[in-house]
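2 protein chains.
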Amino acid sequence: MGEFDLITRYFKRPTRRAALGIGDDCALLQPRPGTQIAISSDMLVEGRHFFADVDPRSLGHKSLAVNLSDLAACGAKPLAFTLALALPKVNEPWLAEFARGLFELADAHDCELIGGDTTAGPLNICITVFGEVPVINGKSQALLRSGAKAGDDLYVSGTLGDARLALEVFRGGASLSAAEFAAVRQRMERPTPRVALGVALRGVAHAAADVSDGLLGDLGHILTASGVGAELRLTDIHNSIAVTPILKSAGACFLPDFVLNGGDDYELVFTAPVSARADVLQAANLAQTPVTRIGTVTIGPGLVLLDAQGQPVALSSRSFDHFA
Amino acid sequence: MGEFDLITRYFKRPTRRAALGIGDDCALLQPRPGTQIAISSDMLVEGRHFFADVDPRSLGHKSLAVNLSDLAACGAKPLAFTLALALPKVNEPWLAEFARGLFELADAHDCELIGGDTTAGPLNICITVFGEVPVINGKSQALLRSGAKAGDDLYVSGTLGDARLALEVFRGGASLSAAEFAAVRQRMERPTPRVALGVALRGVAHAAADVSDGLLGDLGHILTASGVGAELRLTDIHNSIAVTPILKSAGACFLPDFVLNGGDDYELVFTAPVSARADVLQAANLAQTPVTRIGTVTIGPGLVLLDAQGQPVALSSRSFDHFA
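First to last, the sequence lines map onto chains A and B. Quick note on the working numbering: the first sequence kicks off at 519 and runs consecutively. Quick note on the working numbering: the second sequence kicks off at 519 and runs consecutively.
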């Protein structure tokens, strides 16, 4: 099978929104007036972001999910994406399952594939995703990292550390029941991008980022970009729904580290003014996504972890860095 | 050096056009009303698209050039691009030269880097480029592959086969003087995307594609998309400025194949009505890019090569296919 057959068989579909989709030198998107196009690009490399023997359907899901998560963190509604794919060889069953996982998630978010590239090479998946953000009275509704203000509440969506726990089981450093392992493995291999929450938080949150490299690291990006600090209440996090019973029962030794520094969560960390607490809850309900209040933005600078007695505890940030 | 330092040191620059550039979860572009965003994505893999020891400055140039060439083929004016980069290790002199070649070309086209991704992994460069195409009275001015009409003249820009000749020298199958080799190597390693010509051909050409996989293959895409055929006058091509004296003197054995099937030319192949011959010449002059009339679009289907006597000659299309 040649590259054009490969594209036609596995990836070409009728275009619903784009002015032009796959098959020309460029795709064409025509956004509405009063709209910004949000753009994010993520590359996944075998052995680095996924195991060589990963289920291809999960890989298709995750490749798009990590990009949709970036749109979510900007409050952007998904529109379309491009897929560049380097493959060691043409493995048709693998491609069919990869495309299945990819399009299941794409369809769930009404996000269409409009172009890309295929080539031979070590397995590498590069997706660039496009979303729309309204501009109202000249003001972008995008959620940026730079908008946090001292006094804001600090929130995180969903739960933290589950994907990291799954990785630990794969590495032999932890053991779980089959049902527990299946649950955390799902979090690692098929993360849920918090798109609906991001859209619902437009005009409510002051700043947001997605938790891809670990809570402390990604919160750190917000604090740096906003020129503020934060206090995180560690006990409140551990006793909240942000930490699953599976992680709690897996062993205390994993607890602070996996919650604070575990990568691959794809939750949203965000700040909102105290006056907007009811609006945050409404957004969470609308998006059917739990959120937990975990701290406060301070004049700062710096990030302080507080224990149950409100005393600072030693902080170890080991946010994921591909070259550290 | 960590990945964020790497981005800051080599790739972060002030944003001139985007509403938001590097450093958040997404970049934000706000196109004007009456504008389409043209999008293209190309992935370059070591050992496949470039030699491991290629000059990094040339590689930076070429990585963006092949994407700008797709914009050119659509008649789109470059706006911005994302860069996803997998690197085996952080090699600072290499990165500095890569960034230099990349930004020299980007600046020449006023095309700004607005985001992307960096990761460890086998060397892989994935660029997604964005350009703008005007929409006039509801009609897109984009040059598509699908617009060719029977009776159109067929044109190609610049010269064909030079990059393929350089590859042959590298492989030991041909030899050239040092000056000749430098010239064809320049065509292989630092191709010139025909952006100005693409823009100038808006409203003049009926259809266009860039010649990345070989003239016959890329012209074939136009013919298929347009539901037409073509006659190519082989002697006219060989006796025209579309074939350099270097290629002619390198040996008759290379001539038809390198011109017709040599990849990596990054010229434009396009069709325009006979009534627009003066307009095509004006566009070529405006863009300071030579063009050659090489044939005629027919009701078809199929592509026929004609010899000096106007007789059909056997055709071998071996357009580049990554998986064939």
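Yeah, the Cβ is synthetic: ideal placement off N, Cα and C, and Gly gets one too. Predicted model, so just to flag it, every value in this text is computed and none were measured.
Whole-angstrom distance between residue j and residue i, CA atom to CA atom
i               : j               : result
F621 of chain B : P830 of chain B : 46 angstroms
D688 of chain A : F616 of chain A : Rather than Asp, the amino acid found at residue 688 of chain A in this sequence is Phe. Computed Cα separation, rounded: 22 angstroms.
D625 of chain A : N803 of chain B : 47 angstroms
R550 of chain B : A692 of chain A : 54 angstroms
V717 of chain B : P596 of chain B : 10 angstroms
G774 of chain B : V822 of chain B : Per the sequence shown, residue 774 of chain B should be read as Pro rather than Gly. Their backbone Cα atoms lie some 14 angstroms apart in a straight line.
E785 of chain A : G820 of chain B : 53 angstroms
C771 of chain A : V777 of chain A : 11 angstroms
W612 of chain A : L605 of chain A : 11 angstroms
A796 of chain A : L715 of chain A : 15 angstroms
S793 of chain A : A801 of chain A : 14 angstroms
V653 of chain A : A556 of chain A : 12 angstroms
L603 of chain A : V651 of chain B : 27 angstroms
Per DSSP, the bridge partner or partners of residue i
i               : result
D542 of chain A : A:I540
F568 of chain B : B:E564
S559 of chain B : B:T646
T635 of chain A : Sequence check: residue 635 of chain A is Asp here, not Thr. Bridge partners of D635 of chain A: A:A602.
L547 of chain A : B:I555
P574 of chain A : For P574 of chain A, which the question treats as bridged, DSSP gives no partner whatsoever.
L824 of chain B : B:R751, B:P830
P596 of chain A : A:G649
S658 of chain B : B:V653
L741 of chain B : Answer is none; L741 of chain B lacks a bridge partner.
T710 of chain B : The partner list for T710 of chain B (beta bridge, DSSP) is empty, contrary to what the question assumes.
R811 of chain B : B:Y673
A770 of chain A : In the DSSP output, where bridge partners are listed per residue, A770 of chain A has none listed.
D736 of chain B : D736 of chain B is not bridged to any residue.
Residues of its chain near residue i, where Cβ-Cβ distance is below 6 angstroms and the 5 sequence neighbours each way are ignored
i               : result
I632 of chain B : A536, G539, A545, A598
N585 of chain B : S558, D560, I645, V647
Y673 of chain B : F788, V809, R811
R708 of chain A : S576, H579
I740 of chain A : R663, A666, A725, A727
S581 of chain A : L562, I643, I645
R720 of chain B : G593, Q659
Q548 of chain A : A537
P574 of chain B : W612, E615, F616
A638 of chain A : none
Close Cβ partners of residue i (< 8 angstroms) along its chain, the five nearest in sequence each way excluded
i               : result
I764 of chain A : D680, L683, L694, E698, A701, V702
I759 of chain A : T677, P808, T810
Q827 of chain B : none
Residues of its chain near residue i, where Cβ-Cβ distance is below 7 angstroms and the 5 sequence neighbours each way are ignored
i               : result
S664 of chain A : A725, A743, S744
R534 of chain B : E630
E521 of chain B : T636
V572 of chain B : E707
Selected residue, minimal CA-CA separation from residue i, among the options
i               : options                        : result
G541 of chain A : B:L661, B:V822, B:I755         : B:L661
E564 of chain B : A:L641, A:I555, A:H627         : A:L641
H756 of chain A : A:G747, A:V746, A:G769, A:A748 : A:G769
L601 of chain A : A:G552, A:I525, A:D670         : A:I525
G780 of chain B : B:V761, B:L821, B:S767, B:R751 : B:V761
P782 of chain B : B:A604, B:G619, B:R566, B:A832 : Checking the displayed sequence, the identity of residue 782 of chain B turns out to be Asp instead of Pro. Comparing Cα positions, the closest option is B:R566.
D523 of chain A : A:D573, A:D731, A:A832, A:V608 : A:V608
G649 of chain B : B:A696, B:A591, B:D731         : B:A591
L734 of chain B : B:V722, B:A723, B:R751         : B:R751
D731 of chain A : A:L603, A:G552, A:S587         : A:S587
L623 of chain B : B:A638, B:P711, B:A668         : B:P711
R531 of chain B : B:G639, B:A805, B:D754, B:D628 : B:D628
A583 of chain B : B:V729, B:D670, B:T553         : B:V729
K657 of chain B : B:G552, B:G813, B:A668, B:I817 : B:G552
A748 of chain B : B:T814, B:D736, B:S675         : B:T814
CB contact below 9 angstroms: residue i versus chain D
i               : result
I654 of chain B : The chain labelled as chain D is not found among the protein chains of the depicted structure, namely A and B.
**Prompt:** Going along the stretch 560–571 of chain A in order, which residues come within less than 7 angstroms of chain B, judged by CB to CB distance?
**Reply:** Shown in chain order are the members of the stretch 560–571 of chain A whose Cβ falls below 7 angstroms from a Cβ of chain B: D560, M561, V563, R566.
**Item:** Residues of the stretch 660–671 of chain A whose Cβ lies closer than 8 angstroms to any Cβ of chain B, in chain order
**Value:** From the stretch 660–671 of chain A, only A660, L662, R663, S664 have a Cβ closer than 8 angstroms to chain B.
**Prompt:** What residues in the stretch 540–556 of chain A bring their beta carbon closer than 9 angstroms to a beta carbon of chain B?
**Reply:** Listed by position along the chain: G541, D542, D543, C544, A545, L546, L547, Q548, P549, R550, P551, G552, T553, Q554, I555, A556.
**chain A contacts from the stretch 597–624 of chain B (Cβ-Cβ distance under 9 angstroms)** = Answer in chain order: A598, T600, L601, A602, L603, A604, L605, K607, V608.
**Prompt:** Going along the stretch 623–637 of chain A in order, which residues come within less than 9 angstroms of chain B, judged by CB to CB distance?
**Reply:** Cβ contacts with chain B: I632, G633, G634, D635, T636, T637.
**Prompt:** Which residues, taken in chain order from the stretch 816–830 of chain B, show a beta carbon closer than 8 angstroms to some beta carbon of chain A?
**Reply:** Answer in chain order: no residues at all.
**Prompt:** Got a sec: which bits of the stretch 568–595 of chain A sit with their beta carbon under 7 angstroms from any beta carbon on chain B, in order along the chain?
**Reply:** Those residues of the stretch 568–595 of chain A that come within reach of chain B (Cβ to Cβ, closer than 7 angstroms) are D588, L589, A591, C592, A594.
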